[in-house]
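Sequential numbering of the sequence shown, starting at 0, is according to numbering that gives the first Met the number 0.
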Amino acid sequence: MHRLLYRVADWARRQVWKVRRPSVEGVRVLACDDQGRVLLVRHSYRSGLWLPPGGGLGSGEDPLDAARRELAEETGIVLAQARLVAVSTEDLHGASNRVHIVVGAARGILRVDGREIVEGAFFALDGLPEALPAGLAAALPAWLESAAP
0 MHRLLYRVAD WARRQVWKVR RPSVEGVRVL ACDDQGRVLL VRHSYRSGLW
50 LPPGGGLGSG EDPLDAARRE LAEETGIVLA QARLVAVSTE DLHGASNRVH
100 IVVGAARGIL RVDGREIVEG AFFALDGLPE ALPAGLAAAL PAWLESAAP
């Protein structure tokens, strides 16, 4: 039932955004484990694509705080050593989405709720799943490298 509600809410948001074309701001979190693998998740309301965890910024919320919050909410993982490595603007179902890319260390045990997030796993860059959004596989190495000390 929860998955159906997420799908309906996602569909409704897309319809409103196609008409209103708002500007939104969000975060994408690249959380790496001790082996250098990056955490990706699959949402219950998307087309089966693997994505970095993330979501919207609250009003006045700092991007690093939003990254920590979203990662914990979606996966139970704590983000340590968080660094903002890039900001990009992309189309998100008709909305102009300013995305803050945050890289950090994953701490804790991965736990997905099975409602919004149906699956999560850590992947090596040379073993990424095929079901990725266009351009993500090419962008990941550059984002991760820019976070290196």
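Each residue gets a CB set at the ideal place from its N, CA and C atoms; glycine is no exception.
Assignment of beta strand (DSSP E) within the region 43-101, counting only whole runs of 3 or more residues, yields 53-55, 77-91 in chain order. Taking one beta carbon from each stretch, the region 114-127 and the region 82-97 have fewer than 3 pairs nearer than 8 Å; the two do not touch.
Distance check between LEU109 and each of TRP49, LEU50, GLU72, ARG45 places GLU72 closest, using alpha-carbon atoms only. Under the DSSP assignment, ALA141 falls outside any beta strand (DSSP E), being part of the alpha helix (DSSP H) whose first and last residues are 135-146. Minimum Cα-Cα distance from HIS42 among the listed residues ALA146, GLU144, LEU131, ALA141 corresponds to LEU131.
Annotated as distal: LEU78 and PRO51, with beta-carbon spacing of 7 Å or more. Under the three-state reduction of DSSP, LEU124 is assigned to helix. The C-alpha of VAL40 is placed about 25 Å away from the C-alpha of SER58. Looking from the CA of LEU124, the closest CA among GLU24, GLY53, PRO140, ASP112 belongs to PRO140.
If you draw a 10 Å sphere on the C-beta of ALA147, you find fewer than 16 other C-beta atoms in it, and that means exposed. Restricting attention to SER46, GLU24, VAL111, LEU143, the CA atom closest to the CA of GLU60 is found in GLU24.
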